[in-house]
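In UniProt numbering, the protein residues as written are 1 to 543. Each remark here refers to the structure printed beneath this line.
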Amino acid sequence: MDFTTREIPLCEVCQQPARQTCGGCKLVYYCSRAHQKLGWKEGHKLKCCAYKIQYSEDFGRHMVATRDIQQGEIILREKPAAIGPKIACKPHCLSCGLKLEPIQKNDELDFYKCSSCNWPMCSIDCEKAEVHREECKIMTKRNYKCEIKYESADKVEAAYCIIAPMRVLLMKQTNPRQFENVMSLESHLKDRINTPLYLVIKANLVTFIIQVLELPFDEETILKVSSIFDTNSFDVRSPDGSKRLRAIYVTASMMNHNCRPNTRHIYLGDDNNLTLIATVPISKGEMITATYTQSLYGTLDRRKHLKTYKCFDCECERCQDPTEFGTYLGNIYCSVCNGASSDRTIGQRGMLVSTNPLDETASWKCEKCGYYIQSRQMFWGNNALKQELNTINKSGPRCFEEFIDKYKATLHPTNHLVIQAKLALLQIYGNYEGYTLTELPDYLLKRKIDLCHDLLEVADKLEPGWSRFRGTVLLELQAAMTMQTKREFEDEKITKSAAQEQLMESMVLLQEAVNILRIEPQMKTVLETKVQELSNLLDNTNL
Ligand SMILES: C[S@@+](CC[C@H](N)C(=O)[O-])C[C@H]1O[C@@H](n2cnc3c(N)ncnc32)[C@H](O)[C@@H]1O
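See the structure below:
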């Protein structure tokens, strides 16, 4: 059955409107207890609740498949137990999470403010929303007024760090069971307590909770809540970036990390319900994993990120493999034997690989000539180039192309920095003003197609299956291929039947992109339009 397209819940057995969900998987509905029993007997018992939580010394609690899970299957849907703004952010509405724009107030620009506590909000509706009620009541009772004012579009406000933890602490009274659920999560407070960030949090959050709100919590409990957020929260964002929040999902947070994950997740609806999707088939007994970091970072950067923010040393298969499954994502060409080789294929030219990827201090050695460099040289080089890439002009393709060309003797075609530049180019070619698909000259259209193939090759190795990455690149690829076919046909370079054949190839790619992305928020109509346009072309009417 297709969970993605159904909008009104229908009973699994009789297809009539239904309200009760299956208590196990919470994915299917029943109109009555009798139909729930019948549905179970008729086969739901084989599909229900695809995971269980296990414990191991190495990983702590983690999620394991209780049966074979199919690619694309929804494993879990879950409401956030706690949600709030990011630790420091530009002003966002405390209720709906949307980024706020200032309005004209008398002679100055400022945000709409809650009439009681003075926090910037969207509107009176958001001011009265359930999620803001308790905190507003207590802040008002203690005569606390938020002092955030509009100063500039980019001003980041540290005051937001109090909101999410305050909501959890207030839950102790309003929803004690949920409070206990959240408090049972891993915090890593000992690892964080003496970090500079936690010294700031201590000064702001603890003072606010104890002295301003006069809530009966000790310093350790308050900091633990903050640390639980840092260890477990998911970054909830809307596709257009207008909404940015962090949320705790008690069950989903049992998922451990893997640098080649077997799931992806999305957030649906105003309630930000997390939906967990299997990107590859998962066998019974296998660990169900997510990535806590960026799949397109090299091993050095990923492991550093995980250690700093999630307090563990990742030792997954990818981290152990000095070639990162043959992508050589974090590696560079050897500067000694590089020039001597005429072979331009990755893996054939001398490549520097770590002598022990699980030890960041290990030296790096050329696979071909045995030349060594120290780990710190690798760090410096990597950081310097990362900084250069981050600061280049992003408004057009020129600087990205120049970056790839400038470092081609050092950075091979699937080095992580080159891949990031290629991703940026993929967005620019075909989408930016002056570079739309119809405006692109043939050689840039071909460049876009080549970029897609390069990125798909990396995606297949590092985020295999139905990842969002693969889905998005497939969409770009089919659009560019369709445009190329149209041009070739119009220029009489190919026959009509060859054009039809090429368009069928585009349609196959588009269908796969639809399968991957149709569940993503706001994608359904976009995808339907693209399928319709391509079908029209195939029908021969517009070609
Ligand atoms: C969101 S929690 C996951 C649930 C956690 N294992 C527990 O017992 O509560 C994140 C924490 O789990 C642990 N963890 C997750 N993935 C791991 C991995 N691949 N290797 C080792 N520890 C991991 C780390 O301590 C990490 O900070």
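Backbone N, C-alpha and C define an ideal beta-carbon position, used for all residues, glycine too.
Ordered along the chain, which non-local residues of its own chain (more than five positions away) have a Cβ less than 8 Å from that of Val64? Numbered from 1 along the sequence shown, position 64 holds the residue referred to as residue 64. Correct list, in chain order: Tyr51, Lys52, Ile53, Gln54, Gly285, Glu286, Met287 and Ile288.
For ligand 1, I want to know if Lys310 counts as a neighbour, meaning its beta carbon is within less than 7 Å of at least one of the ligand's heavy atoms. Here residue 310 corresponds to residue number 310 of the sequence shown, with the count starting at 1. Lys310 Cβ: within cutoff of ligand 1.
May I ask you to check if the CB of residue 545 is nearer than 7 Å to at least one heavy atom of ligand 1? Nothing about residue 545 can be read from this structure; the chain reaches only from 1 to 543.
Assign Asn273 to one of three DSSP states: helix, strand, or coil. In the sequence shown, residue 273 corresponds to position 273, counting from 1. Asn273: strand per DSSP, three-state reduction.
So is Glu301 buried or exposed if we call it buried at 16+ other beta carbons inside 10 Å? Counted from its first residue, the sequence shown places residue 301 at position 301. Before going on, a small fix: residue 301 reads as Asp here, not Glu. Buried: at least 16 other Cβ atoms inside 10 Å.
Buried or exposed for Ala153, please, with buried defined as at least 16 other CB atoms from any protein chain shown within 10 angstroms of its CB. As a first step, residue 153 must be located in the sequence shown, where it is residue number 153. With fewer than 16 other Cβ atoms within 10 Å, it is exposed.
Alpha carbon to alpha carbon, what distance is there between Val156 and Gln387? As a working mapping, residue 387 is identified with position 387 in the sequence shown. As a working mapping, residue 156 is identified with position 156 in the sequence shown. Distance between the alpha carbons of Gln387 and Val156: 22 Å.
Best match in Pro357, Leu455 and Arg67 for proximity to Gln320 [C-alpha to C-alpha]: In the sequence shown, counting from the first residue as 1, residue 320 sits at position 320. Among Pro357, Leu455 and Arg67, the Cα nearest to that of Gln320 is on Pro357.
Segments assigned alpha helix (DSSP H), at least 4 residues, entirely inside the region 355-430: 375-390, 398-406 and 416-428
Output yes or no for whether 8 Å exceeds the beta carbon distance between Val206 and Glu214. On the sequence shown, residue 206 is found 206 positions in, with the first residue counted as 1. On the sequence shown, residue 214 is found 214 positions in, with the first residue counted as 1. The answer is no: Cβ separation not under 8 Å.
Ends of the alpha helix (DSSP H) at Ile53? By 1-based counting over the sequence shown, the position of residue 53 is 53. Where Ile53 is concerned, there is no enclosing alpha helix (DSSP H), although the beta strand (DSSP E) it sits in stretches over Tyr51 to Ser56.
Spatial distance of Ile222 from Ile210 (CA atoms): Start at 1 with the first residue of the sequence shown, and residue 222 comes out as number 222. Start at 1 with the first residue of the sequence shown, and residue 210 comes out as number 210. Rounded to the nearest angstrom, the two C-alpha atoms are 9 Å apart.
Indicate, with yes or no, if ligand 1 has a heavy atom lying under 7 Å from the CB of Glu12. Taking the sequence shown and counting its residues from 1, the one referred to as residue 12 is at position 12. Answer for Glu12: no, Cβ out of range of ligand 1.
Three-state secondary structure (DSSP) of Thr263: Taking the sequence shown and counting its residues from 1, one reaches residue 263 at position 263. Residue state, collapsed to three classes: strand.
Whole-angstrom C-beta distance between Cys366 and Cys334, which should lie under 8 Å: Start at 1 with the first residue of the sequence shown, and residue 334 comes out as number 334. Start at 1 with the first residue of the sequence shown, and residue 366 comes out as number 366. Contact holds; Cβ gap of about 4 Å.
Does the distance from the CB of Cys31 to the CB of Cys14 come in under 8 Å? Position 31 of the sequence shown holds residue 31. Position 14 of the sequence shown holds residue 14. Going by C-beta atoms, Cys31 is nearer than 8 Å to Cys14.
In or out: Ser253 buried (at least 16 other Cβ within 10 Å) or exposed? Stepping through the sequence shown from its first residue, residue 253 is reached at position 253. Ser253 is buried by the Cβ-count criterion.
Range of the contiguous alpha helix (DSSP H) that encloses Phe229: To locate residue 229, count along the sequence shown from 1; it is residue 229. That run of the alpha helix (DSSP H) goes Glu219 to Asn232.
Looking at C-alpha atoms only, which residue of Asn536, Cys259 and Thr263 is the closest neighbour of Asn306? Stepping through the sequence shown from its first residue, residue 306 is reached at position 306. First, the residue type needs correcting, since residue 306 is Leu and not Asn in the sequence shown. When each option's Cα is compared against that of Leu306, the closest is Cys259.
Identify whether Asn515 lies in helix, strand or coil by the three-state DSSP scheme. For the purposes of this step, residue 515 is identified with residue 515 of the sequence shown, where counting begins at 1. Helix at Asn515.
Quick check on Thr5: buried or exposed, where buried means 16 or more other Cβ atoms within 10 Å of its Cβ? On the sequence shown, residue 5 is found 5 positions in, with the first residue counted as 1. At Thr5, the pLDDT of 40 sits below 50, so the modelled position is not reliable and the matter cannot be decided from this model.
Evaluate Pro521 with the Cβ neighbour count: other Cβ atoms within 10 Å of its Cβ, from every protein chain shown; 16 or more gives buried, anything less gives exposed. Numbered from 1 along the sequence shown, position 521 holds the residue referred to as residue 521. Exposed, because fewer than 16 other Cβ atoms sit within 10 Å of the Cβ of Pro521.
Whole runs of the alpha helix (DSSP H) within the region 30-81, excluding any shorter than 4 residues: 33-39
Is the region 358-377 touching the region 391-398, taking contact as three or more C-beta pairs under 8 Å? no
What would DSSP say about Phe3, mapped onto helix, strand or coil? Taking the first residue of the sequence shown as position 1, residue 3 is located at position 3. Confidence at Phe3 is low in this model, with a pLDDT of 36, below 50, so its placement is unreliable and no value can be given for it.
Suppose you measure from the CA of Leu329 to the CA of Val473; what does that come to, to the nearest Å? Taking the first residue of the sequence shown as position 1, residue 329 is located at position 329. Taking the first residue of the sequence shown as position 1, residue 473 is located at position 473. The straight-line gap from Cα to Cα measures roughly 18 Å.
On the three-state DSSP scale, how would you describe Gln522? The residue given as residue 522 occupies position 522 in the sequence shown. Looking at Gln522 - three-state DSSP - the assignment turns out to be coil, as it is neither helix nor strand.
Return the CA-CA distance between Gly72 and Cys48, expressed in angstroms with no decimal places. Position 72 of the sequence shown, counted from the first residue, corresponds to residue 72. Position 48 of the sequence shown, counted from the first residue, corresponds to residue 48. Taking the straight line joining both Cα atoms gives about 15 Å.
Please report the straight-line C-alpha distance between Ser116 and Arg33, rounded to a whole angstrom. Counting from 1 along the sequence shown, the entry for residue 116 is found at position 116. Counting from 1 along the sequence shown, the entry for residue 33 is found at position 33. The straight-line gap from Cα to Cα measures roughly 45 Å.
In three-state DSSP terms, what is Glu488? Along the sequence shown, read from residue 1 onward, the residue named residue 488 stands at position 488. For Glu488, the secondary structure class from DSSP, reduced to helix, strand or coil, is helix.
State the DSSP-derived secondary structure class of Leu213, mapped to helix, strand or coil. Looking up residue 213 in the sequence shown gives position 213. Coil.
Could you pull the DSSP bridge partners for Pro17 from this structure? On the sequence shown, position 17 is the one that residue 17 refers to. Paired residues: Leu10.
At which residues does the alpha helix (DSSP H) containing Ile248 begin and terminate? The sequence position of residue 248 within the sequence shown is 248, counting from 1. Per DSSP, Ile248 belongs to no alpha helix (DSSP H); it is in the beta strand (DSSP E), Arg244 to Ile248.
On a CA-only basis, which of Thr525, Cys316, Asp235 and Leu456 is nearest Pro80? Give me that one, please. For the purposes of this step, residue 80 is taken as residue 80 along the sequence shown, with counting starting at 1. Nearest of Thr525, Cys316, Asp235 and Leu456 to Pro80, Cα basis: Asp235.
Based on Cα-Cα distance, which residue from Lys202, Glu147 and Arg237 lies nearest to Gly97? Residue 97 sits at position 97 when you count from the first residue of the sequence shown. When each option's Cα is compared against that of Gly97, the closest is Arg237.
Same chain only: Cβ atoms within 6 Å of Pro261, ignoring 5 sequence neighbours per side: For the purposes of this step, residue 261 is taken as the residue at position 261 of the sequence shown. Cβ within range, chain order: Thr289, Ala290 and Thr291.
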